[in-house]
Amino acid sequence: MRRLAPLPLALTLVACIPSGRADPPGMYDTPPTAGPSTDDTSREDRPDRPRRDRDRDRDRDGDRDRRPDREDQDASTPPQVAEPKPAWVMRKVVPDAVEITETRYTVQSGDSLGRIAERTGAGADAIAHANQLTPPYVVREGQTLTIPGGRYHRVRTGETGIAIARAYGTAWDRVIALNDLTAPYILRLDQRLLIPSKTEVRAMTLEQRAAAFRLDIDDLITGAEPALAANARPAAPVRTARTAVPANVPVRSPTRFTGRFDWPLTGPILTRFGPQGQGRINEGINIGARTGTPIMASADGVVAYVGSDIAVYGGLILIKHGGGWITTYGHAEQLLVTRGQAVKRGQIIARAGETGSAREPQLHFEIRQGRRPVNPLSQLPRRS
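The sequence shown runs -22 to -1, 1 to 362 under mature numbering (1 follows the signal peptide of the UniProt record, and there is no 0).
The following block contains the structure:
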């Protein structure tokens, strides 16, 4: 069984990656297509060449024409896609949170949770969380609510959860917990988010500070989508990689999953799901493959992320399938789809490689239900 890269090395790799970094030359390049040669034609037409040489060249050229060519075999494969910068580096977040003191509020006639948040300066999510309110968040006249004190950041156009957390030097999952945010984790313009206190941030260890600026797949699932206007809807998925959804526009995800998962490629399992010893956990499986092997979408869905912002995974794709189901594809050499693109089960989305922390060509494949990793072997067809 292949050994995983030591955790300290993987963490170092991720900590060193700047947002929107440029990939090393050639890491995700599309192989150049050779153009037709003019030498054979001119050589064929030269009458002064011996006949046996001309016959030999014809035989050799015929063999070359009959030899299967990788580009001919994969003529339907889309070209390499140039991804724009991710949304969390496109809009700089100004850390201008307003601090309020914890108070008690008596609900008045005509009040709603949103109106109370506007009056008090607190966040509706934080108020609901502090008072154990559940959807549809109905409040009654005369009811007394606790208005949690703290720092509140008002969400602006194009801001993402990842960018907001980084602006305050804290971890995005901590902001999720404070505000009790749930799927699909799309922020709304003018939404107020409770931010960890300055005291809490100052008390963070160096390791915690480094982790706050280190992306993982959970961050991409919960904090990568840009904020949406109050009454707006996310953009509809596009059909081809040629029509990209702008990075600062949220993408509509499937509402339910009615299909099944298939193997994204065929190959030996190098590393299985679960604990690997020495505190390491594999949240998916690693499948061995030759460099350039087509990687296929495991099920119908919409591409939620394409890029290489998590160093240990190299080229990475996330697909949302509805019902909270998500699949991830890492260590890709080539990325052939774009964010917001609708894909079908079996459609080629990437090519396997040896990127990130991989020590041999392979695919890192995960299946998640919400934020929880699921053993892919429990969802995939049994192989003979």
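Glycine included, C-beta positions come from ideal geometry on N, C-alpha and C.
Check                                                                                                                                                                       : Outcome
Should Val153 be labelled buried (16 or more other beta-carbon atoms within 10 Å of its own) or exposed?                                                                    : buried
Apply the 10 Å Cβ neighbour rule to Ala320 and answer buried if 16 or more other Cβ atoms are within range, or exposed otherwise.                                           : buried
Got a sec? Which residues, its chain only, sit under 6 angstroms from Asn353 by beta carbon, not counting five neighbours each side?                                        : Phe251
Helix, strand or coil: which one does DSSP assign to residue 403?                                                                                                           : No answer is possible for residue 403: the residues shown for the chain start at -22 and end at 362.
Would you say the beta carbon of Arg258 is closer than 7 angstroms to some non-hydrogen atom of the ligand GTP?                                                             : Judged by which ligands are present, the structure shown has none, so any question about the ligand GTP falls away.
Would you kindly check if the distance between the Cβ of Leu243 and the Cβ of Leu341 is under 8 angstroms?                                                                  : yes
Around the Cβ of Val116, are there at least 16 other Cβ atoms within 10 angstroms (buried) or fewer (exposed)?                                                              : exposed
Determine the burial state of Thr19: buried for a count of at least 16 other Cβ atoms within 10 Å of its Cβ, exposed for fewer.                                             : Because Thr19 sits at a pLDDT of 40, beneath the cut-off of 50, its placement in the model cannot be relied upon, and the point is left open.
For the candidate residues Val72, Glu119, Ala205 and Gly128, whose alpha-carbon lies nearest to that of Thr79?                                                              : Gly128
Within the continuous alpha helix (DSSP H) that includes Val179, where are the two ends?                                                                                    : Lys176 to Arg180
Out of His309, Leu355, Gly136 and Glu261, point me to the one whose CA is closest to Gly334's CA.                                                                           : His309
Just the C-alpha distance for Ser286 and Gln86, rounded to the nearest angstrom, thanks.                                                                                    : 50 angstroms
Taking the C-alpha atoms as reference points, what is the distance between Ile125 and Gly101?                                                                               : 9 angstroms
Return helix, strand or coil for Pro25, following the three-state DSSP convention.                                                                                          : Confidence is the limiting factor: at Pro25 the pLDDT is only 44, short of 50, which leaves the residue's position unreliable, though a coordinate-based value still follows. Looking at Pro25 - three-state DSSP - the assignment turns out to be coil, as it is neither helix nor strand.
Could you compute how far the alpha carbon of Thr269 sits from the alpha carbon of Ser276?                                                                                  : 19 angstroms
In chain order, what residues of the same chain have a beta carbon less than 6 angstroms from the beta carbon of Gly324, not counting five sequence neighbours either side? : Met274
Helix, strand or coil for Pro359, going by three-state DSSP, please let me know.                                                                                            : coil
When you compare the CB positions of Gly318 and Val179, do they come within less than 8 angstroms of one another, or not?                                                   : no
With DSSP run on the structure shown, which of helix, strand or coil describes Glu119?                                                                                      : coil
Going by C-alpha distance, which of His299, Thr306 and Lys298 is nearest Ile288?                                                                                            : Thr306
For Val290, which three-state DSSP category applies?                                                                                                                        : helix
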